[in-house]
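Undergrad: Got a structure for you, written out below as structure tokens; questions coming shortly.
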Amino acid sequence: MKTVVEATGITKVYDQNKIPVHAVNGVDLHIEDDEFTAIVGPSGSGKTTLLNIIGGLDRPTEGSIKVNGHELNSLSENQLIDFRLKNIGFVFQSYNLIPVLTAKENTEFIMLLQKRSKEERDTRVEQLLKEVGLEDKMNKKPTELSGGQQQRVAVARALASKPEFILADEPTANLDSHSASNLLDIMARLNKEEGITFIFSTHDQRVIDRARRVITLEDGKIVSDVRQEPKAS
Amino acid sequence: MIIKIAWRNVWRNKLRSLVVIFSIAVGLTASAFYAAFSWGMTDKYVENSISGNLSHIQVHHADFKRTDPNRLFIEGGPEMVTKIAQNELVEGVSGRYLIGGMASSSRAGAGAMIHGINPADEDVTTGLSSKLIEGKYFEGVKRNPIIIGQKLAEKLKIGLRNGLTLTFENEEREYVQVKFKVVGIYKSGNTALDEVNVYVRSEDLLSEMGSAPKINEIAVLLRDNNDLDAATTNIKAIAGGQKVETWKEYASELNYMISMLQQYMYIFTMIILLALLFGIVNTMLMAVLERVRELGMLMSVGLNKTKLFMMIVLETVFLAIVGGPLGVLISYALVTYYGNNGIDLSFFSQAFESLGISSVIHPSLTWTYYLEITLMAIAATIIAAIYPARKALQLNPSEAIRKI
Ligand SMILES: Nc1ncnc2c1ncn2[C@@H]1O[C@H](COP(=O)(O)OP(=O)(O)OP(=O)(O)O)[C@@H](O)[C@H]1O
Ligand SMILES: [Mg+2]
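The listed protein sequences derive, respectively, from chains S and E.
Residues 5 to 237, numbered by the working numbering, are exactly what the first sequence covers, in order.
Residues -3 to 400, numbered by the working numbering, are exactly what the second sequence covers, in order.
Shown next, in the form of structure tokens:
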């Protein structure tokens, strides 16, 4: 087992209104290769903040974070962008896709940034969209897709870069329960069959039930970290 | 891909983009048309001044001064006129005997610049006969006919066929008085000149002064102003030690006017472009601010700052690339149409005429101006893109994507 995320003493303090808020408060966390981890907790508990720090979108106020061997604190802004491009796939709650590009182009976009060859892009994009069940929607723009379909394109896009792991911040928050469970099916299958590591945050108990590891945050602290047998859909 | 995204982004908000494209086009059209109009006006003025009065080239004695031309003659003047007339670039040559003096009627007197001319030559060179508003061109009066300007006629309170006395110094520096009879009254469009220039036959002057034919000014009208340099070289060769000048030298105020107009043209263009610039900055800033989350997402997934910057600048440049040529096309159509048909300003003609400007203007523009104005507009747009693009760069991806 390889450790992909190694966080030690992570603290993030926001003091925009003069009153310091400890969004994340002394978190130690190890995440291994192949894990399917849910980060849960009430609103404001620090899930997004923690995911952003792991993904190199934000810097911790204190503590060190090592992702896939990279000490993130030592990277410059530009190096961080490059790090994200090469190591992490992102799925956000919404606004995942470039509105003016089709599903195919959105998926291809990351690979273009990585300067992959045309043949590689074409075959991989097709394969990925097939995996998320959208082979017949390749040339549709995001506005022509449902919320669930858009999130599936986002997963395909996140996979396109062959990342070390995928970070998903409340990927199902805007989806109805059918689309949500459909998305979870796809994520779970990718995890199981292709060994892709997922770290996702959620509020939703049905989504939590599908995880193999559940980390609970409260007031920026980890209050529980359990491994469980995921329920089938 | 960045280019594709930028191009499609332009058309996301069609109305807004069209408004910007349209403003660029209208701004360009306005400044191009203004420039063409001023250019047409200047051109007309210069052309009128040259063909009606100044001529392209003048030859004088080296010490000649217009304020006191008396007795400074061109050596071998009459022969020189004949020789210059043979040059194929030359349309007309007029040798003049200029004397500064006084014109007086029984009721008033005024300073006058007496032009002793050969009527036929002068007519070819400055079209004097066509400026007559009363009387005939040296016809109908046998002895000492004179043509005077309308303004002078008013001043002296005289009309056609009235007597007029010219007083001037002869070559022996004695004052002589000679009676003339008004055979024609002209109006050149330049009131200042109409007030002082009077025309008589040079032989009449000579017979009064009892001397051989003499000339102290040779005015040359060319077939084409573009031959100015070549013709000047030719005439210099004929003119020996005399002073040969082109209108650009002796009418330096014309040249000054042209360069000033050009400067005004550029200032006007700058002002319009500046207004455009702020409009574009505003639009692009809106386009950036309403896409904060999307831009945050792009940065999150790995679009680097250079590419993001490029994308915003490209979006702006596309607006200019569509709007610019559109503006040039509209202005070209307008300028060509009015260039052929003319713009009639006779409503204001009195004011223009006293300035010596004809009242029908034919706007014209050189293609270099179109090129310059297009490049300037594109440059302005790129400058306008920089601020919004920098604003986009300042976005922090983690905060940008939170703004949901
Ligand atoms: N940019 C910021 N400036 C100031 N405070 C912030 C900022 N971002 C987050 N916070 C605060 O940090 C705390 C943790 O926020 P975070 O978004 O990580 O929680 P969350 O668990 O993701 O909540 P939610 O379930 O609502 O998404 C909250 O109290 C929030 O108000
Ligand atoms: Mg959150």
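Note that the Cβ used here is the ideal one computed from N, Cα and C, for glycine as well.
No experiment lies behind these values; they were computed from the predicted model shown.
#1: Grab me the residues of T12 of chain S's own chain with a C-beta within less than 7 Å of its C-beta, minus the 5 sequence neighbours each way, in chain order.
#2: For chain S, check one thing: does any of its Cβ atoms lie closer than 8 Å to the Cβ of N9 of chain E?
#3: Compare the Cα-Cα distances from G275 of chain E to each of E:I1, E:A376, E:Y260 and E:Y133 and report the closest residue.
#4: Would you please verify whether the beta carbon of I412 of chain E is less than 8 Å from any beta carbon of chain S?
#5: At 8 Å on the CB atoms, spell out the chain S contacts of E290 of chain E, in chain order.
#6: According to DSSP, which residues form a beta bridge with G96 of chain E?
#7: Please report the Cβ distance between T201 of chain S and D37 of chain S, rounded to the nearest whole angstrom; I am assuming they are in contact, meaning their Cβ atoms lie under 8 Å.
#8: Quick one: is the Cβ of T111 of chain S within less than 7 Å of any heavy atom of ligand 1?
#9: Short of 7 Å Cβ to Cβ, which residues in the stretch 107 to 135 of chain S face chain E?
#10: Can T176 of chain S be considered in contact with ligand 2, in the sense that its beta carbon sits closer than 7 Å to one or more heavy atoms?
#11: Can you say whether M109 of chain E is buried or exposed, counting buried as having 16 or more other CB atoms within 10 angstroms of its CB?
#12: Which whole-angstrom value is the C-beta distance of T364 of chain E and H52 of chain E, which I expect to be below 8 Å?
#13: Suppose the cutoff is 6 Å on Cβ atoms and the five residues either side in sequence are ignored; what does the same chain contact list for K244 of chain E look like?
#14: Return the chain-ordered list of same chain residues with a C-beta closer than 6 Å to the C-beta of V17 of chain S, the five sequence neighbours on each side being excluded.
#15: Give the DSSP-derived three-state secondary structure of P115 of chain E in the structure shown.
#16: Could you pull the start and end residues of the beta strand (DSSP E) that G36 of chain E belongs to?
#17: From A227 of chain E to K239 of chain E, what distance separates their C-alpha atoms?
#18: Since I believe I43 of chain S is in contact with V9 of chain S (beta carbons under 8 Å), could you give me their beta-carbon distance rounded to a whole number of angstroms?
#19: Count the other CB atoms, across all protein chains shown, that sit within 10 Å of the CB of R386 of chain E; report buried if there are 16 or more and exposed otherwise.
#20: Looking at T52 of chain S: is its Cβ nearer than 8 Å to the Cβ of R398 of chain E?
#21: Y18 of chain S lies in the alpha helix (DSSP H); which residues open and close that run?
#22: What do you get for E118 of chain E, buried or exposed, if any count of 16 or more other CB atoms within 10 angstroms of its CB means buried?
#23: Exposed or buried, what is K210 of chain E when buried is set at 16 or more other beta-carbons lying within 10 Å of its beta-carbon?
#24: Among all the DSSP beta bridges, which residues are the ones paired with S3 of chain S?
#25: With burial defined as no fewer than 16 other Cβ atoms inside 10 Å of the residue's Cβ, what is the status of K40 of chain E: buried or exposed?
#26: Let's test the definition: count the other Cβ atoms within 10 Å of the Cβ of N49 of chain E and tell me whether it reaches 16, buried, or not, exposed.
#27: Considering only residues of the same chain and omitting the five flanking positions on each side of L322 of chain E, which have a CB-CB separation below 6 Å?
#28: Along the chain, where does the alpha helix (DSSP H) containing I170 of chain S start, and where does it finish?
#29: From the DSSP output, in three-state form, read off H182 of chain S for me.
#30: If distances are taken between C-alpha atoms only, which option among E:S100, E:N222, E:L124 and E:V178 comes closest to S184 of chain E?
#31: Exposed or buried, which one is Q209 of chain S when buried takes at least 16 other CB atoms within 10 Å?
#32: Can you list, in chain order, the residues of its chain with a C-beta nearer than 7 Å to that of M307 of chain E? Leave out the 5 residues immediately preceding and following it.
#33: From the DSSP output, in three-state form, read off V104 of chain S for me.
#34: Counting along the chain, where does the beta strand (DSSP E) carrying T201 of chain S start and finish?
#35: Are any of the Cβ atoms in chain S nearer than 8 Å to that of A385 of chain E?
#36: At 7 Å on the CB atoms, spell out the chain E contacts of F94 of chain S, in chain order.
TA: Result, derived from the coordinates:
#1: D32, G67 and S68
#2: no
#3: E:A376
#4: Because chain E in this structure spans residues -3 to 400, residue 412 of chain E falls outside the shown range and cannot be described.
#5: Y99, I102 and P103
#6: E:M109
#7: 6 Å
#8: no
#9: F113, I114, L116 and L117
#10: no
#11: buried
#12: About 24 Å; that fails the 8 Å criterion.
#13: N251
#14: P24, H26 and T65
#15: helix
#16: It is not in any beta strand (DSSP E) - G36 of chain E instead sits in the alpha helix (DSSP H) that spans K10 to S45.
#17: 14 Å
#18: Contact doesn't hold; Cβ gap of about 11 Å is too wide.
#19: exposed
#20: yes
#21: No alpha helix (DSSP H) holds Y18 of chain S; the beta strand (DSSP E) holding it covers T7 to Y18.
#22: buried
#23: buried
#24: Here chain S has residues from 5 to 237 only, and residue 3 of chain S is not among them.
#25: buried
#26: buried
#27: A21
#28: From DSSP, I170 of chain S is part of no alpha helix (DSSP H) but of the beta strand (DSSP E) over F169 to D173.
#29: helix
#30: E:L124
#31: exposed
#32: I(-2), I1 and A2
#33: coil
#34: T201 to T206
#35: no
#36: S296 and V297
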